Amino acid sequence: GLTPARLAAGLGLGAEYWRRVGRAEPVYRYPVMGWNYMPPSGGGLVHPHLQFFRFQAPPAALAEALAVSRARPGAWVELAQAEREAGERYLGRTGPWEWFVPFAPVGLWGEVWALAPEIPTLDALLDRGWDDLLAGFAHLLGRFAALGIHSFNAALFVGPEAAEPLPAQLRVVPRTFLNDRDYAPDLNFFQAVLAEPVCAVWPERLAGELRWG
Numbered sequence: 257g258l259t260p261a262r263l264a265a266g267l268g269l270g271a272e273y274w275r276r277v278g279r280a281e282p283v284y285r286y287p288v289m290g291w292n293y294m295p296p297s298g299g300g301l302v303h304p305h306l307q308f309f310r311f312q313a314p315p316a317a318l319a320e321a322l323a324v325s326r327a328r329p330g331a332w333v334e335l336a337q338a339e340r341e342a343g344e345r346y347l348g349r350t351g352p353w354e355w356f357v358p359f360a361p362v363g364l365w366g367e368v369w370a371l372a373p374e375i376p377t378l379d380a381l382l383d384r385g386w387d388d389l390l391a392g393f394a395h396l397l398g399r400f401a402a403l404g405i406h407s408f409n410a411a412l413f414v415g416p417e418a419a420e421p422l423p424a425q426l427r428v429v430p431r432t433f434l435n436d437r438d439y440a441p442d443l444n445f446f447q448a449v450l451a452e453p454v455c456a457v458w459p460e461r462l463a464g465e466l467r468w469g
């Protein structure tokens with residue numbers, strides 16, 4: 257089964273890949289973990305498998321997050337504090353990880369972020385370990401299961417080094433078929449052609465259904 261120990265082992269193996277590629281090919285600066293879980297997410301294999309990358313140029317979401325850090329270094333701390341204090345989209349905290357539904361989700365059925373303002377670099381993330389992150393993730397998967405959600409896309413990224421910091425972030429987008437008759441996907445021309453995210457749920461309502469803390 258998909259246990260915390262098994263996930264920790266997978267993350268540890270991917271972290272070793274990040275380390276080795278970073279040493280051998282420093283031009284590939286930007287570490288990203290991607291995950292398509294089960295067929296509605298685009299996953300081609302019916303088992304959990306993580307994909308680890310080192311990019312020479314950051315993907316769009318990471319590039320945007322890094323730009324925010326450059327323009328306003330305290331922005332991510334402020335965001336975590338604002339979500340925690342407002343409470344309406346906040347899910348809970350596990351160690352340094354603040355869990356919440358962002359105010360503008362990119363998924364049709366919403367999105368969940370875990371943000372760790374105290375972990376600004378890859379080295380800090382690897383030194384911290386995975387227990388706190390996986391504790392929150394276990395809570396999230398339990399709530400997903402209660403809502404009948406059994407598939408998701410996820411990405412984990414962090415600043416590559418002290419010269420380019422970015423608090424570690426896990427972003428999770430739940431995925432389902434629109435119906436069980438013809439298994440229509442939850443992606444249409446807005447996302448596929450116009451590059452416009454569409455969300456069919458209120459973030460605050462989703463947070464109320466997912467909250468554990």
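Each residue of the sequence shown is one higher than the one before, starting from 257 at the first, in the numbering used here. Backbone N, C-alpha and C fix where the C-beta goes; we use that ideal spot for every residue, glycine too. If you're wondering where the values come from, they're calculated on a predicted model, not measured in any experiment.
Which class does Val324 belong to by DSSP, given the choice of helix, strand or coil?
For the purposes of this step, residue 324 is identified with residue 68 of the sequence shown, where counting begins at 1. In this structure, Val324 counts as helix in the three-state DSSP scheme.
Would you mind sorting Trp369 into buried or exposed? The rule is 16 or more other CB atoms within 10 Å of its CB.
Here the question's residue 369 lines up with position 113 in the sequence shown. Trp369 should be labelled buried.
Under the assumption that Trp468 contacts His395 (Cβ atoms under 8 Å), give the Cβ distance between them as a whole number of angstroms.
Position 212 of the sequence shown, counting from 1, holds the residue named residue 468. Position 139 of the sequence shown, counting from 1, holds the residue named residue 395. Yes, Trp468 and His395 are in contact; Cβ-Cβ is about 4 Å, under 8 Å.
Gln312, DSSP secondary structure in three states
Position 56 of the sequence shown, counted from the start, is the residue given in the question as residue 312. In the three-state DSSP reduction, Gln312 falls in the coil class, being neither helix nor strand.
Using only alpha-carbon positions, find the residue among Arg326, Pro358, Leu434 that is nearest to Pro459.
As a position in the sequence shown, residue 459 is number 203, starting the count at 1. If we check each option's Cα against that of Pro459, Pro358 comes out closest.
Taking only beta-carbon positions, decide if Arg340 is within less than 8 Å of chain D.
Absent here is chain D; the protein component of the structure consists of one chain.
So Pro373 packs on Val428, CB below 8 Å; how close in whole Å?
The residue you call residue 373 lines up with position 117 of the sequence shown. The residue you call residue 428 lines up with position 172 of the sequence shown. With a Cβ gap of about 18 Å, Pro373 and Val428 do not count as contacting.
Leaving out the 5 sequence neighbours to the left and right, which residues in its chain are closer than 8 Å to Asn444 when beta-carbon positions are compared?
Position 188 of the sequence shown, counting from 1, holds the residue named residue 444. So the list reads Val454, once near-sequence residues are dropped.
Considering only C-alpha positions, which residue in the set Tyr293, Val277, Gly330, Ala463 is nearest to Arg399?
Indexing the sequence shown from 1 puts residue 399 at position 143. Looking at the Cα atoms, Ala463 is the closest of the given residues.
Return the chain-ordered list of same chain residues with a C-beta closer than 7 Å to the C-beta of Leu474, the five sequence neighbours on each side being excluded.
Any question about residue 474 goes unanswered here, given that the chain covers just 257 to 469.
With distances taken between CB atoms, is the gap from Asp383 to Pro352 smaller than 8 Å?
Taking the first residue of the sequence shown as position 1, residue 383 is located at position 127. Taking the first residue of the sequence shown as position 1, residue 352 is located at position 96. It is not a contact, given that the beta carbons lie outside the stated cut-off.
Cutoff 8 Å; reference Leu322; Cβ partners in own chain excluding five residues on either side
Locating residue 322 in the sequence shown gives position 66, counting from the first residue. Closer than 8 Å at the Cβ level, and outside the excluded window around Leu322, lie Pro314, Gly415, Glu420, Leu422.
Could you pull the start and end residues of the alpha helix (DSSP H) that Phe400 belongs to?
One-based indexing of the sequence shown puts residue 400 at position 144. Segment 387–402, the alpha helix (DSSP H) holding Phe400.
Helix, strand or coil at Glu417 [DSSP, three-state]
Reading the sequence shown from its first residue, position 161 is the one you call residue 417. The answer is strand: DSSP assigns Glu417 an E or B state.
Val429 bridges to which residues according to DSSP?
Residue 429 sits at position 173 when you count from the first residue of the sequence shown. Per DSSP, Asn409.
Pick from Ala261, Gly266, Gly257, Gly278: whose alpha carbon is nearest that of Leu378?
Your numbering for residue 378 matches position 122 in the sequence shown. Among Ala261, Gly266, Gly257, Gly278, the Cα nearest to that of Leu378 is on Gly278.
Could you have a look at Trp332 and say whether DSSP puts it in helix, strand or coil?
On the sequence shown, residue 332 is found 76 positions in, with the first residue counted as 1. Three-state result, Trp332: helix.
Could you check where the beta strand (DSSP E) with Phe356 kicks off and where it finishes?
Indexing the sequence shown from 1 puts residue 356 at position 100. Looking at the DSSP string, the run of the beta strand (DSSP E) that includes Phe356 is 353–356.
With the cut-off set at 8 Å, would you say Trp365 and Asp436 are in Cβ contact?
Residue 365 sits at position 109 when you count from the first residue of the sequence shown. Residue 436 sits at position 180 when you count from the first residue of the sequence shown. Contact flag unset, no.
Compare the C-alpha of Glu339 against each of Glu320, Ala360, Glu272, His305 and name the closest.
As a working note, residue 339 is residue 83 in the sequence shown. For Glu339, the nearest C-alpha among the options comes from Ala360.
With 16 other CB atoms within 10 Å as the buried threshold, where does Leu426 fall?
Here the question's residue 426 lines up with position 170 in the sequence shown. With 16 or more Cβ atoms within 10 Å of its Cβ, Leu426 is classed as buried.
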